[in-house]
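Scroll down for the structure; my scribbles are underneath it.
Residue numbers (the numbering used here): 185 to 356.
Given below as structure tokens:
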């Protein structure tokens with residue numbers, strides 16, 4: 185069972201100072217989330233080393249789109265066999281245009297779904313939120329593996345100037 189601690193801070197400096205003590209108690213960066221209405225750039229509070237190869241989603245979507253275009257455009261021409269004065273059954277230019285369009289569509293859709301995948305959306309399980317976050321407070325959400333670690337995290341947050349702390353899914 186995991187325990188969740190949400191600490192609310194009113195300035196960025198206090199929020200940034202919490203990262204070193206959390207690293208000292210071996211909290212992985214994957215278990216820490218920043219909740220804020222302000223779009224802080226990557227590395228403002230901590231450097232996230234998670235690799236996100238979005239190009240794989242675009243490539244997979246493009247390849248699937250290309251194969252779908254070959255199947256739809258070429259398959260339709262082959263299934264509806266119209267012999268016109270000795271020309272080939274499958275006309276290359278229309279199939280090439282369909283391949284181009286479907287490849288682009290697949291790459292765009294693959295990138296979109298990759299973005300949703302890496303953002304963890306939709307996430308109906310974690311409902312940790314406090315209304316004061318939308319009133320310019322900064323929230324640090326930490327998932328802990330035991331209650332003892334959750335106690336340590338809550339103590340660290342209170343020592344470093346957290347305005348308010350909340351624990352567990354029931355409080356959110």
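Heads up, the beta-carbon is just placed ideally off N, CA and C, and yes, glycines get one too.
Per DSSP, cross-strand counterpart(s) of residue 348: Numbered from 1 along the chain shown, position 164 holds the residue referred to as residue 348. For residue 348, which the question treats as bridged, DSSP gives the partners 192.
Contact set for residue 346: own chain, Cβ-Cβ below 7 Å, skip 5 residues either direction: Stepping through the chain shown from its first residue, residue 346 is reached at position 162. Excluding residues within five positions, the ones whose Cβ falls inside 7 Å are 191, 192 and 193.
Distance between residue 215 and residue 204 (C-alpha atoms, nearest Å): Within the chain shown, numbered from 1, the residue matching residue 204 stands at position 20. Within the chain shown, numbered from 1, the residue matching residue 215 stands at position 31. Distance between the alpha carbons of residue 204 and residue 215: 14 Å.
Inside the stretch 286 to 348 only - beta strand (DSSP E) runs reaching at least 3 residues: 322 to 328
Burial state of residue 341, where buried means 16 or more other Cβ atoms lie within 10 Å: Along the chain shown, one-based indexing puts residue 341 at 157. The residue is buried, with at least 16 neighbouring Cβ atoms inside 10 Å.
Assigned secondary structure, residue 373 (DSSP; H/G/I helix, E/B strand, else coil): There is no way to answer for residue 373, as the model of the chain reaches only from 185 to 356.
Beta-carbon proximity check, residue 219 vs residue 323, cutoff 8 Å: Position 35 of the chain shown, counted from the start, is the residue given in the question as residue 219. Position 139 of the chain shown, counted from the start, is the residue given in the question as residue 323. Going by C-beta atoms, residue 219 is nearer than 8 Å to residue 323.
Inter-residue Cα distance where the pair is residue 291 and residue 285: Position 107 of the chain shown, counted from the start, is the residue given in the question as residue 291. Position 101 of the chain shown, counted from the start, is the residue given in the question as residue 285. About 10 Å.
Own chain, CB closer than 6 Å to residue 293, minus 5 neighbours either side, in chain order: Locating residue 293 in the chain shown gives position 109, where the first residue counts as 1. Correct list, in chain order: 245.
Counterpart residues of residue 187 in DSSP-defined beta bridges: Here the question's residue 187 lines up with position 3 in the chain shown. Note: residue 187 sits in a beta bridge opposite 328.
8 Å contact criterion, which residue 206 and residue 326 should meet: CB distance rounded: As a first step, residue 206 is located in the chain shown; it is residue number 22 there, counting from the start. As a first step, residue 326 is located in the chain shown; it is residue number 142 there, counting from the start. Their Cβ separation, rounded to whole angstroms, is 7 Å, which keeps residue 206 and residue 326 in contact under 8 Å.
Enclosing alpha helix (DSSP H) for residue 247 [first to last residue]: On the chain shown, position 63 is the one that residue 247 refers to. 238 to 253 is the span of the alpha helix (DSSP H), which, as asked, contains residue 247.
For residue 235 and residue 335, the rounded distance between their alpha carbons: Counting from 1 along the chain shown, the entry for residue 335 is found at position 151. Counting from 1 along the chain shown, the entry for residue 235 is found at position 51. Those two C-alpha atoms are separated by around 31 Å.
Residue 304 beta carbon less than 8 Å from that of residue 188: Along the chain shown, one-based indexing puts residue 188 at 4. Along the chain shown, one-based indexing puts residue 304 at 120. Contact flag unset, no.
Rounded C-alpha distance that separates residue 299 from residue 276: One-based indexing of the chain shown puts residue 299 at position 115. One-based indexing of the chain shown puts residue 276 at position 92. Straight-line Cα distance between these residues: approximately 34 Å.
Of the residues 265, 333, 314 and 350, the one placed nearest residue 209, counting alpha carbons only: As a first step, residue 209 is located in the chain shown; it is residue number 25 there, counting from the start. Of 265, 333, 314 and 350, the residue nearest in Cα terms is 333.
Straight-line gap, residue 258 to residue 281 (C-alpha atoms, nearest Å): Locating residue 258 in the chain shown gives position 74, counting from the first residue. Locating residue 281 in the chain shown gives position 97, counting from the first residue. Taking the straight line joining both Cα atoms gives about 11 Å.
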